[in-house]
Amino acid sequence: MELTTILALLAVVLLVAVIITSTSKRAPPPKPEPYKLGDVTLEALRYYNGYDWTKPALVAIKGKVYDVSNKYEIYGPGKPSNAFAGREVARALALGSSDEKDFTDDLAGLTPEQLQRLEGAIQEFAASHDVVGQVVPPLELTLEQLAGYDGHDAAKPMLLSIKGVVYDVTKGKDYYGPNGIYPFAGKEVARAFALYSTELSDCNDNLDGLSYSEKEALRDWIGKFNSKYTIVGKIVGK
């Protein structure tokens, strides 16, 4: 074998060795950032029940919201404690109950033993799950007040209402802001969505005269909003 061939083979072997060594010493990838939700109403929490793959399964206890998606075998769809996902369950844990009427933070009438059971459950949750948010009361806005959340004030979130349910659409400002395709922030838009209308005159909750397909279109819009945007309140004083 010629010397040049031997040297070439040695160079290849050395290169492979360097690659293997550098790869083995490479730092492991960083851990993903913990999920953060922040403020959430009880109604919005209901959609974190494990059935929407774009959202983690969450459980609230005494107002603290825990990410339980690392226990899919317990809280996932069809699993033993899936009923707890998306709910406030302080009373249920204290009672050892899975009855929906006990999915509340109302601890009135509980015995010292039941309260102790709840504290034990909270300690277990804190050890196993990240706190990702907190339950807050829903906003109660009149239509006049809602109009102040139309995107013109950068210090305020952008909100809109569908059938009286108020959503935070700030992250969809390119669609729903003042210069968006549907400049509907600050308005009730049930009829407009049903009709696929961009007319501001259709920004109301009057569904009279809508066809079956138009009502189905509205249901589709509501489903999309429940998946993508957070419910933050409701319309009052109509």
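Residue numbers (mature numbering (1 follows the signal peptide of the UniProt record, and there is no 0)): -23 to -1, 1 to 215. Backbone N, C-alpha and C fix where the C-beta goes; we use that ideal spot for every residue, glycine too.
- Contact between G27 and Y52 is confirmed by a C-beta separation of about 6 Å, below the 8 Å threshold.
- Boundaries of the alpha helix (DSSP H) around K192: Y189 to K205.
- Each residue's CA atom was taken as its position, placing G110 and L35 some 10 Å apart.
- Distance check between P89 and each of D79, A71, A103 and T81 places A71 closest, using alpha-carbon atoms only.
- Taking 8 Å as the cut-off, the Cβ atoms of L136 and A98 do not count as close.
- Using a C-beta cut-off of 8 Å, the segment 53 to 65 makes no contact with the segment 129 to 146, since fewer than three inter-stretch Cβ pairs fall below that distance.
- Here V143 is near I212, since their CB atoms are less than 8 Å apart.
- D82 places its beta carbon less than 8 Å from that of G40.
- When only Cα atoms are considered, N156 and E176 end up about 14 Å apart.
- Linking P57 to D185 through their CA atoms gives a straight-line distance of about 43 Å.
- With contacts defined as CB atoms closer than 8 Å, V108 and V17 fail to qualify as a contacting pair.
- For S105, the enclosing alpha helix (DSSP H) covers residues P89 to S105.
- Your pair P115 and Y126 does not check out as a contact, with CB atoms roughly 14 Å apart and the cut at 8 Å.
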